[in-house]
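Report on one structure; see the data block that follows.
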Amino acid sequence: MVEERQAIAAFAALGQEHRLRIVRALVTAGPEGLAAGALAGEVGVSGTNLSFHVKELSHAGLVQSRREGRSVIYSAAYPALSGLIEFLMRDCCQGRPEVCDPAVTALASCCPPTGDAARA
658 MVEERQAIAA FAALGQEHRL RIVRALVTAG PEGLAAGALA GEVGVSGTNL SFHVKELSHA
718 GLVQSRREGR SVIYSAAYPA LSGLIEFLMR DCCQGRPEVC DPAVTALASC CPPTGDAARA
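Right, dumping it as structure tokens:
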């Protein structure tokens, strides 16, 4: 569960246009992530600039990296992003589920249930 201190660090990291674009690009790319050069091109920053921004996002726990041969592959830290959404939506409806319906509907359209949840 994301605590307030972690949420503040994550939102501070996301409060810069290139960093927000990086996270959105990585979320769109899926768990496979993107090579550093491809990500820099997609976001429109130099490799050095990308490295600086990714470092900030990594410190906030929102992005992770791995090596594949000579390439660095960046990917979104989905558990951290999910925790951030849960932090925002925790106790949102105060007994009125219709308040949360737009967010639930938006997430359901991109992330249909799988496994046992899909059969229910």
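Under this note's numbering, the residues of the sequence shown are numbered 658 to 777, in order. Where is the CB? At the ideal position from N, CA and C, for every residue including glycine.
C-alpha gap between residue 747 and residue 672, whole angstroms:
Taking the first residue of the sequence shown as 1, we reach residue 747 at position 90. Taking the first residue of the sequence shown as 1, we reach residue 672 at position 15. Residue 747 and residue 672: Cα-Cα distance of roughly 21 Å.
According to the neighbour-count rule (16 or more other Cβ atoms, all chains shown, within 10 Å of its Cβ), is residue 752 buried or exposed?
Along the sequence shown, read from residue 1 onward, the residue named residue 752 stands at position 95. By the 10 Å Cβ count, residue 752 comes out exposed.
Note down the Cα distance separating residue 775 from residue 714, rounded to an integer number of angstroms.
Here residue 775 refers to the residue found at position 118 when the sequence shown is read from its first residue. Here residue 714 refers to the residue found at position 57 when the sequence shown is read from its first residue. Any reading at residue 775 must be qualified, since the residue scores a pLDDT of 49, below 50, and its modelled position is unreliable; no value is offered.
Please report the distance separating the alpha-carbon of residue 711 from that of residue 693.
Mapped onto the sequence shown, residue 711 falls at position 54. Mapped onto the sequence shown, residue 693 falls at position 36. Residue 711 and residue 693: Cα-Cα distance of roughly 10 Å.
Taking 6 Å as the limit between beta carbons, can you name the residues of its chain near residue 780, skipping five residues before and five after?
No answer is possible for residue 780: it lies beyond the span of the chain, which begins at 658 and ends at 777.
Beta-carbon proximity list for residue 763, same chain, < 6 Å, skipping 5 on both sides:
Here residue 763 is taken as the residue at index 106 of the sequence shown, counted from 1. Taken in chain order, the list of residues that qualify is empty.
Residues of its chain near residue 680, where Cβ-Cβ distance is below 8 Å and the 5 sequence neighbours each way are ignored:
The residue given as residue 680 occupies position 23 in the sequence shown. Taken in chain order, the residues that qualify are 671, 714, 719, 720, 733 and 738.
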